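Residue numbers (our numbering), protein chains in the order written: chain A, 8 to 644; chain B, 959 to 1216. Even glycine gets a Cβ: it sits at the ideal position worked out from N, Cα and C. Predicted, not measured: the structure shown is a model, and the values here were computed from it. See structure below.
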């Protein structure tokens, strides 16, 4: 299969303009003749649906939550990047591009990344115009803070609630379109399949989560904005219902899955406390601006942190990475935490935790300043742990957070299935092997507000007046298959709950395909997962009935998909026999323990094709073109 | 720790509900209330009983999905907290804990502890936005916004749309929810062009949904997980009164008026 990324053959600085000038557009009078389905209502989905509706398309928006405003983008805390150069510290489109590519360890697609950097400033303009209350300085101008992996201050924020405020901006724009009749929203509705007719994506099959009714919706194009798959680890910083189902079922209909092994483990999360814990709570990376990370130099030192004198504290990030210090990128910070804990310096009973300490920052700036900047994060930590971080340091440990991998898309954000698009975290293209902080919000809004609404016309023009309705037999066929799969889950009637399988899978993934990986573990895991999947299909027990509100059944379906997806993730991790960004293969490290890339062999996107049940996936590769920026060894020392 | 849970069970919107008791033992104090419900549901599933339906998603107090009334209080015992951020250490060992859904005519029960909050979406649809089609926009620093003004707007914008205000209000009023959005947008320069029409439409929609009126109990402020102040209700009333008054006059004037 030839993977055509459709990137114009011009220097990346001119690519986006050249592309827009050359593709087909749909005129305002013809837009109402097209129906577009958007699945997912986070930053990418809500902004895309609102923009497409305002342009005149008929949009249907689906989300499994009770309202589009609940999508997990809302939980992003720290900020959104834009190369405004308000600080006059040398920022530029090029610099943001450079930082993102380097941060991604040169496994991102250059033209996409450059376009993202180019679009970043427009996003801030758009959001402010919508009334998103981004923080201001006393003079009334927008404020900035710094984030990991960069040497400029370009992160915009709204207290510790940046994701919430940006999402509400997009949600409000969406609700306006609902009121105008241009978008119809379907909350508490979960996508179960896409429908392909003559090779094109022509609609979806959904389940109404309140009644259990299976419905079909025809469309001229389908946009998946369904987020990432960190919950394959069961406990992650994602919302408990986040899942891979929509992307995975699209994959099983022919959409390629790219770089599934690229998972970001976020360095600053509240450590695990017990087996029944349902999720791991993230503490914003912005805390690393002022907080200092350390462990006691003496193993098992059980003195209170306040009583441990300066010379007995091991500020391992500051010592190992003097130029970036506590602000190294996430993958580097996470691995460093793992390393000190594996060496026995970790905190508490579990030994999996390090300190993030604000003592010095409070002494220097005063409690008021720290409270104004991070107050809600301090409160949140105290609510959860009963410890007061103004008095005693935060305890943190890395946790799965974001997935750089996702459905393969071209420069138009269309998957290899014509008419099927993937935006936001659901696609793969912009963050390479590691995402920099405050870049996910940027990418979701770039995709949803600015890129997809302009590129989708190129495809729609091709199918002008070729309407297909829900009475086409393919819709009934797919709906029946979905119903049969639900029956299959209901009818196992075994003795284990869906949650117990998700936990077991999560433990396997964390232990064998987590922060560092090796061939032996991955091979072992490739035996464990099919065995667990087999047990799932013989021992699962789903409560309730299929034709009612049934959260047990919802989870069962998602876990079934995770059990298939996990295997592909491990295969991809095994096949990528190099270290890059988040993906550390223990066989490939420099002497100082840093990741060792192999550009000769692995400077490509691994795009996997589903070949059928019980048949091995086929690998397709898209070679990465490093025209503008030659890969260098990534150093933050 | 051990607890007795007394939980509202209702099979469907039409069905009659009742409180049902369950025993929970060996719950560690750092377990959250919702994690304890997860544990209960695991037990119920294995006993072939229907698990308790409840909404939750982010489990870190920001998405607004969770919506329990715990011992008679929306979101439970703590201040400034959502149901998902209630931990078992805030109860005493052996205590009976009552869990109910929100009770409000405009937030009807779907199943057990799950309620329908689409009425809140419809209030936003009626005017809770600034119309700004995606595309190039002016440089944000060309209109400076004072620090205090922005921060006050942000105080209101912190609303997570959980609906606890309406659940806590003896009148079942969604005034705090509505006022927070009107305050957030009305305090910003970008929000001025639609300020009057927004206040009028949103208040009207709130009434149409069957939410009650405000009689200054301030229970909403007490239950609000984000600490949104009832001062925004006063502000909304002012905006609304002004909008109604201006409506009497032709806002653009006319030749005949003189």
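Quick one: residues in its chain with C-beta nearer than 6 Å to the C-beta of residue i, no 5 flanking neighbours on either side, listed in chain order?
i               : result
residue 236(A)  : 251, 410
residue 196(A)  : 69, 213, 215
residue 385(A)  : 396
residue 1185(B) : 1038
residue 113(A)  : 638
residue 59(A)   : 43, 66, 460
residue 544(A)  : none
residue 1023(B) : 1013, 1014, 1015
residue 710(A)  : This structure gives no information on residue 710(A), because the portion of chain A shown stretches from 8 to 644.
residue 1017(B) : 1042
residue 217(A)  : 195, 556
Residues of chain B with CB closer than 7 Å to the CB of residue i, please, in chain order.
i              : result
residue 148(A) : 1099, 1102
residue 248(A) : 1015
residue 38(A)  : Under the 7 Å cutoff, chain B gives no residues; its nearest Cβ is about 13 Å from residue 38(A).
residue 145(A) : 1105
Would residue i be called buried (16 or more neighbouring beta carbons within 10 Å of its own) or exposed?
i               : result
residue 501(A)  : exposed
residue 578(A)  : buried
residue 1080(B) : buried
residue 1142(B) : buried
residue 1150(B) : exposed
residue 484(A)  : exposed
residue 672(A)  : This structure leaves residue 672(A) out entirely; chain A is present only between 8 and 644.
residue 1090(B) : buried
residue 1223(B) : Only positions 959 to 1216 of chain B appear in the structure, and residue 1223(B) is not among them; the question remains open.
residue 371(A)  : exposed
residue 29(A)   : exposed
residue 125(A)  : buried
Please state the DSSP three-state secondary structure of residue i.
i              : result
residue 597(A) : coil
residue 163(A) : strand
residue 89(A)  : coil
residue 226(A) : coil
residue 143(A) : strand
residue 265(A) : strand
residue 447(A) : helix
residue 979(B) : strand
residue 104(A) : helix
Give the interface partners of residue i over in chain A, defined as CB-CB distance under 9 Å, in chain order.
i               : result
residue 1021(B) : 72, 76, 77, 78, 79, 81, 82, 171, 246
residue 1043(B) : 387, 390, 391
residue 1068(B) : 73, 195, 217, 556
residue 1156(B) : Residues of chain A passing the Cβ test: none, with the nearest at roughly 11 Å.
residue 1047(B) : 393
Between residue i and the rest of its own chain, which residues show a CB-CB distance below 7 Å, the 5 nearest in sequence each way excluded?
i               : result
residue 644(A)  : 328, 329, 330
residue 151(A)  : 93, 94, 160, 161, 162, 163
residue 120(A)  : 104, 107, 108, 437
residue 1063(B) : 1130, 1168
residue 1088(B) : 1143, 1148, 1149, 1152
residue 1020(B) : 1118
residue 1159(B) : 1084, 1085
residue 629(A)  : 10, 12, 611, 612, 614
residue 171(A)  : 81
Can you find a C-beta in chain D that's less than 8 Å from the C-beta of residue i?
i              : result
residue 456(A) : Absent here is chain D; the protein component of the structure consists of chains A and B.
Under 8 Å Cβ-Cβ, which residues of chain A neighbour residue i?
i               : result
residue 1175(B) : Ordered by position in chain A, no residue passes the 8 Å Cβ test against residue 1175(B), which lies about 26 Å from the chain.
residue 1083(B) : 182, 183, 185, 186
residue 996(B)  : 283, 285, 506
residue 1095(B) : 129, 132, 133, 135, 136
Applying a beta-carbon distance threshold of less than 8 Å, which residues of chain B neighbour residue i?
i              : result
residue 61(A)  : 1091, 1092
residue 137(A) : 1087, 1088, 1090, 1148
Could you list which residues in chain A have their beta carbon closer than 7 Å to that of residue i, in chain order?
i               : result
residue 1116(B) : 168
residue 976(B)  : By Cβ distance, chain A contributes nothing, its closest Cβ being about 18 Å from residue 976(B), past 7 Å.
Less than 8 Å between C-beta atoms, sequence neighbours within five positions excluded: which residues of the same chain meet that for residue i?
i              : result
residue 575(A) : 264, 267, 615, 624
query: Which full runs of the beta strand (DSSP E) of 3+ residues lie inside the region 385 to 416 of chain A, going along the chain?
result: Within the region 385 to 416 of chain A, the complete beta strand (DSSP E) runs of at least 3 residues are 401 to 410.
query: What residue ranges within the region 1062 to 1131 of chain B form continuous alpha helix (DSSP H) runs of no fewer than 4 residues, ordered along the chain?
result: If we require 4 residues or more, the alpha helix (DSSP H) runs fully inside the region 1062 to 1131 of chain B come out as 1076 to 1083, 1105 to 1115, 1122 to 1126.
Segments assigned beta strand (DSSP E), at least 3 residues, entirely inside the region 478 to 511 of chain A: If we require 3 residues or more, the region 478 to 511 of chain A turns out to have no beta strand (DSSP E) run fully inside it.
field: Entirely enclosed alpha helix (DSSP H) segments - the region 282 to 369 of chain A, minimum 4 residues
entry: Along the region 282 to 369 of chain A, the alpha helix (DSSP H) occurs as fully enclosed runs of 4 or more residues at 323 to 327, 337 to 349, listed in sequence order.
task: Only counting runs of 4 or more residues, tell me where the alpha helix (DSSP H) segments fall wholly within the region 152 to 216 of chain A, in order along the chain.
output: Runs found: 169 to 186.
field: alpha helix (DSSP H) segments (min. 4 residues) lying fully within the region 976 to 1059 of chain B
entry: For the alpha helix (DSSP H) assignment, the uninterrupted runs of no fewer than 4 residues enclosed by the region 976 to 1059 of chain B are, from N- to C-terminal side, 991 to 1004.
- request: Taking only runs that begin and end inside the region 536 to 592 of chain A, name each unbroken alpha helix (DSSP H) of 4 or more residues, in chain order.
  value: Qualifying alpha helix (DSSP H) stretches, in chain order: 558 to 582.
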